[in-house]
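Here the structure is laid out as structure tokens; the discussion comes afterwards.
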Amino acid sequence: MNEQVKIDIDRAERTEKLQGMGCKRKRVEDIRFTQGKGSYVDDLKLPGMLFGDFVRSPHAHARIVSIDTSRAKALPGVIAVLTAADLKPLGLHYMPTLAGDVQAVLAEHKVLFQNQEVAFVIAEDRYIASDATELVDVVYEALPCIVDPFKSMLPDAPILREDIQDKMVGAHGPRKHPNHIFEWQIGDRQATDDVFANADVTIKEMLVDHRTHPSPLETCQSLASFDKVKGELTLWGTFQAPHVIRTVVSLISGLPEHKIHVIAPDIGGGFGNKVGAYAGYVCSVVGSIVLGVPVKWVEDRMENLSTTSFARDYHMTTELAATKEGKIIGMRVHVLADHGAFDACADPSKWPAGFMNICTGSYDIPVAYLAVDGVYTNKAPGGVAYRCSFRVTEAVFAIERAIEVLAQKLGMDAAELRIKNFIKAEQFPYHSALGWEYDSGDYHTAMKKAMDAIGYTSLRAEQAEKREAFKRGETRELMGVGISFFTEIVGAGPAKNCDILGIAMFDSAEIRIHPTGSVIARMGTKSQGQGHETTYAQIIATELGIPADDIMIEEGNTDTAPYGLGTYGSRSTPVAGAATAVAARKIKAKAQMIAAHMLEVHEGDLEWDIDRFRVKGLPEKFKTMKEIAWSAYNAPPPNLEPGLEAVNYYEPPNMTYPFGAYFCVMDIDVDTGVAKTRRFYALDDCGTRINPMIIEGQVHGGLTEAFACAMGQEIRYDEMGNVMGASFMDFFLPTAVETPKWETDFTVTPSPHHPIGAKGVGESPHVGGVPCFSNAVNDAYAFLDAGHIQMPHDAWRLWKVGERLGLHG
Amino acid sequence: MIPGTFDYHRPTTVESAVALLLQLGEDARPLAGGHSLIPLMKTRLSAPEHLVDLAAIEGLRRLEHVGDHVVIGAMTTQHAVINSTLLTDLVPILRETALVIADPQIRYKGTIGGNCANGDPGNDMPALMQCLGASYQLTGTGGHREVSARDFYLGAYETALAPGEILTEIRIPVPPAGHGYGYEKLKRKVGDYATAAAAVVITMAAGTCTSASIGLTNVSETPLWAAEAGRILVGSTLDAATVNAAVAAAEAITNPASDMRGPAEYRTKMAGIMLRRALERARVRATV
Amino acid sequence: MTKSHIKVTINGKAVEALVEPRTLLIHFLREQQNLTGAHIGCDTGHCGACTVDMDEMSVKSCMTFAVQANGAAITTIEGVANADGTLSALQEGFRMMHGLQCGYCTPGMILRAHRLLQENADPTEDEIRHGIAGNLCRCTGYVNIVKAIQYAAAKINGTPYQEAAE
Ligand code: FES
Ligand code: FES
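In the order they appear, the protein sequences are chains F, C and V. Residues 6 to 814 (this note's numbering) are what the first sequence spells out, left to right. Residues 3 to 290 (this note's numbering) are what the second sequence spells out, left to right. Residues 1125 to 1290 (this note's numbering) are what the third sequence spells out, left to right.
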């Protein structure tokens, strides 16, 4: 074997041993999860722990005439029953929302949505607590309710929020009506109107992204334990953003922040559901402070689906203007946003409609204008980002549906129209008409790869044949080809435009190398299944040359982890991942100084080689990171402090803009309305890929949620404001049988501003998947002039389309 | 979701079970697999003070071919139905139906007797029993009586069971060898009740339909036996016009609720479509 | 209400306890026996997160009263690992094939797959998908769960597992 081969083998072996970036490292978390040794909130048990349960409103809108808790209090085992009257003297009957509104913790004079929290029963166990909720007697006087957001601002609409009736300037400017929350506008209205007035072709469509819910398999829960002697509160909970929760708890309880210990243990999925603060958290805290013993609150599924954080409910009037050759020249969108009874969106503070202004999508659209009106209705509060960056699913749905509507009007192929309007690779960084700076992209390459992989041309040919066969009555099946080419905007975000409650949306990492060369690192984010314990270690392994197996990652304990804004909006990799790389590089810089001292050379004479610094030209003279670590504690160079650790608070210079090309082939049974996904192909570009196995898993999961959202999942209300189907019987979560099989693919366009070029991927498949399914369905019926078909595309709704089109004979 | 309190009884004989039920009266409910009752109790829509668990009664798991009938004990689980070669040989539509009920876990516990007796219009077995012309043996303190499945269902959760009575056995006349059958169920996902479903058993001779029986699931307050639709088919070659007429007759007797599965008019039409498909499958399967 | 005295075998260990008749098996296991591996996901018998093995049946323990388990032998996720403490074939399969993310559905999924493989040692993909249709997963999209079960089946059967080409 010659020398060079030996060296190559040695380097390959050392690289493999690290299990660093780019490898399919098996997950660290799985060792405990596969053995049932995860530790989720409801697994925790403290001595003397009590249980809380809510009394909830059966009405969507009603005045509370009286609340009588005496029968409940008399039940053996019941310790206390809290109502708004108990919370009010503490100033805790309302809590601030992340969107600048306030939300009732326990209803005071009125209830504003069905299942709203009215009283909190605390008992010795959950069975007694549940019994006692039945014994709280509440007298209501029903009021007329608003379910349809288009009726919220009618002159004679009942006023919902009497608590802010006189406050006609809200957190985001003037309110036009007592049921109006905000109006948010962006873009050049005049220029856009002018373009539309003179365009060859325009389209206008009301696109509804209906109300749904993230519903992670674990519901929201908390356990509060107040130590009266120390005046300290420990709060375990299902928190995607534990540090923010600590700040919020401090602000509303008046407890100093250093005396609050917030711990997010293992979390059973989040998908946006666990970003906000809920009445249950507050009540468990108040209960524990008042009683001096631990109080646990665990939501059941009905409560979860009907009270904590819905998503979507965007009614988007979407317009495109184009030349007759198919060049898009303008976009105009008006959104009516139904926020329910309180504005509890989890958006960065300055963005009442999230990043809806990414709605120009992957296209070079010169002018655009967007206006969003938020209104109150008698429905559950929320408006969270369900597996997407803030309102990005809505935005991508708007543009990706609208472009298909335009293609049809132009008589053009929908893929061709997209390609014609793509932002070109050389245009990046690209400034969009609605104010974003896209960092990087290569859309044409991705699209071509995807079209080749799916066999686009032959699919269209097959479809043409099937359509003829359908017209001849030879088949009762319609074939649809769905396309979605999305651009995500993730990794919030730069302090200049992103904060939550005034806290800039940085994130953080703290890395400590121990004398023996093993590592503990802590981040301000919090995994809910994304595998952070595995992937952050891979970043550090590659950066510092220490095997990932020797690196422990810890998140979720606000006492030990550096402050961070949490995990949602695909921000962990773009922000905390960057912080991790930067902190590691700080350590590496110091390690280089130590190595130089050890090897008695100048720093500049050293070069990094996988897991060591070696002297340039003398590869046999080196010090491994492990050796350097020992030296750092044992014999640091003079004038250098001992130890080897670093912290980084990373404030991203820009968002990252992952993108992808998705294709779906669907066959719809016209007689039943049942749609079957024949193929689904997803090409994602998330920049540098840290762990391909985990990326693929994220894509599978996101696609499955997108499939559910598009094809049936919804939170529906009847005209009385009763929430329908708030259980897993009706709320559509597909099983392994309904879920399509996923094909995944990728291109790599690294982010130019991210230290390792990564962009975030967890939410792309959801964002890109929803319009892809909807486009497939719409495409199936397009040749019959069906017009836009609204989601969700469950069987009965598609059957009704067939009825409308006279397809059932 | 926590159920209310109750006392638990676990008799080992049918006699003691029915005596208990009679004695405890309205406040007592028999417990079989529990998958209908326990969810109602957890949401407190049902709050019985006594549960009489039938699980320890050995005699309720019979599975036998007796004369021209098969006899199935009420506590026979769906899982046992699926895995019974006796049933698969003699009445294969039972397995086809059991396989689309709920999910694997629930089929281990869910019993054929519970499915037939509790009167939930969403259950699949009742319409099948009507289709097969099955009868139920109801046992009370006074002994047994036999009620046809076609007469058993009076309304949603309302049946011919008298206070203190339980369904102990199901007797199914064995369909003739070579019969065609099909159970077609439209549902949103595994685990769901039917949007609509149809059970069909036919016999054919020389291309002509010689008998036909049709049951419909979850499109009314009770399961439906579509007698008229069956009559229309008999004597025909199952030609398009006849099938259309039978489907129209079946649709005419439906009266579904509008729910998250779809509006009433959809569910009625789906009953028709399921009937068409079940019938087509039955026709293909019929060997003479 | 009178409490009931029950005897059950849990993961091979005989256990006697007093329970209220209405105590659900899931709460009995989690709170009285401190076996917190099985979870509650839906409360209504739809998600399978609470699945345990009881007398050779996969059972949703949120839909079963502890008193109904009297006399039964129960296996929970805590009793699945090999005797020497190493991961069982299924546990290993879930890890190797990335069949889990948040891990909340995993104990129920593994217990269900365990029974499935007892009844059908070499299931097809379709049989696996129908076999686990009583278990919901919100994270994985099932593709890798199916692979995990195939991996375990191969390992148990002593046949090589060939991961489908990517
Ligand atoms: S918690 Fe038991 S099935 Fe969902
Ligand atoms: S891994 Fe999260 S629900 Fe399955």
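Built from N, CA and C at the ideal position, the CB exists for glycine as well.
Asked, Found
"Where do the ends of the beta strand (DSSP E) carrying L55(F) lie?", "55-61"
"Anything in chain C within Cβ reach of D1246(V), meaning under 9 Å, just list it in chain order.", "Chain C residues near D1246(V): none, gap ~17 Å exceeds 9 Å."
"Using the Cα positions of E139(F) and Y138(C), report the straight-line distance between them to the nearest angstrom.", "39 Å"
"Can you find the residues in the same chain that come closer than 7 Å, C-beta to C-beta, to V410(F), ignoring five residues on each side of it along the sequence?", "I208, E210, H793"
"With 8 Å as the threshold, decide whether the Cβ of P50(C) is near any Cβ in chain F.", "no"
"I want to see whether chain C comes within less than 8 Å of D1177(V), judged by CB atoms only; does it?", "no"
"Out of curiosity, what's the CA-to-CA distance linking A1289(V) and G702(F)?", "The pLDDT assigned to A1289(V) is 40, lower than 50, so where the model puts this residue is not dependable; a value taken from the coordinates is nonetheless given after this. If I take the Cα positions, the gap works out to 15 Å."
"Verify the CB distance criterion: does V1132(V) have a CB-CB separation below 8 Å to chain C?", "no"
"Any beta-carbon of chain B closer than 8 Å to the one on H1222(V)?", "Among the protein chains of the structure shown, namely F, C and V, there is no chain B."
"For E330(F), does the three-state DSSP call read helix, strand or coil?", "coil"
"Determine, using beta carbons only, whether A514(F) and A588(F) come nearer to each other than 8 Å.", "yes"
"By a C-beta neighbour count over all protein chains shown, 10 Å radius and 16 as the cutoff for buried, is T243(F) buried or exposed?", "buried"
"Chain C partners of H1170(V), CB-CB under 7 Å?", "G193"
"Looking at the C-beta of E167(F), does it have a partner C-beta in chain V at a distance below 8 Å?", "no"
"Return yes when at least one heavy atom of ligand 2 lies under 7 Å from the C-beta of L1159(V), else no.", "no"
"What residues in its chain sit with their C-beta under 8 Å from that of E98(C), if we drop five residues either side in the sequence?", "Y183, G184, Y185"
"Could you give the uninterrupted runs of the beta strand (DSSP E) lying entirely in the segment 646-714 of chain F, keeping only those of 3 residues or more?", "650-655, 664-674, 680-690"
"For ligand 2, is there any heavy atom lying closer than 7 Å to the beta carbon of C1229(V)?", "yes"
"So, is the C-beta of Y185(C) closer than 8 Å to a C-beta in chain V?", "no"
"Mind checking whether G1265(V) and H705(F) have CB atoms under 8 Å apart?", "yes"
"Compare the C-beta of Q1156(V) with all C-beta atoms of chain C and state if any pair is closer than 8 Å.", "no"
"Measuring CB atoms only, is the segment 1152-1170 of chain V touching the segment 302-313 of chain F, in the sense that at least three cross pairs come out at less than 8 Å?", "yes"
"How far does the alpha helix (DSSP H) with V772(F) in it reach, from first residue to last?", "769-787"
"Kindly list, in the order they appear in chain V, the residues whose Cβ is closer than 8 Å to that of P41(C).", "T1168, G1169, M1187"
"Going by DSSP, which residues form a beta bridge with W356(F)?", "W356(F) pairs with nothing; no bridge assigned."
"Under 9 Å between beta-carbons, which chain V residues line up against L80(F)? List them in chain order, please.", "Those within 9 Å of L80(F) in chain V number zero; the least Cβ separation is about 14 Å."
"Where in the segment 440-523 of chain F do unbroken runs of the alpha helix (DSSP H), each at least 4 residues long, occur, reported from the N-terminal end onward?", "448-459, 461-476"
"Suppose you measure from the CA of T239(C) to the CA of A252(C); what does that come to, to the nearest Å?", "18 Å"
"Give me the residue from I268(F), F276(F), G236(F) with the minimum Cα distance to P261(F).", "G236(F)"
"State yes or no: is the C-beta of P154(F) within less than 8 Å of the C-beta of T382(F)?", "yes"
"Alpha carbon to alpha carbon, how far is V1204(V) from Q40(F)?", "8 Å"
"Quick check on the burial criterion: 16 or more other C-beta atoms within 10 angstroms. Buried or exposed for H607(F)?", "exposed"
"What number of angstroms, rounded off, separates the C-alpha of V675(F) from the C-alpha of A666(F)?", "28 Å"
"Whose C-alpha, out of H37(C), P225(C), M127(C), is nearest the C-alpha of P258(C)?", "P225(C)"
"Using beta carbons (cut-off 8 Å, strictly below), is H1129(V) in contact with chain F?", "no"
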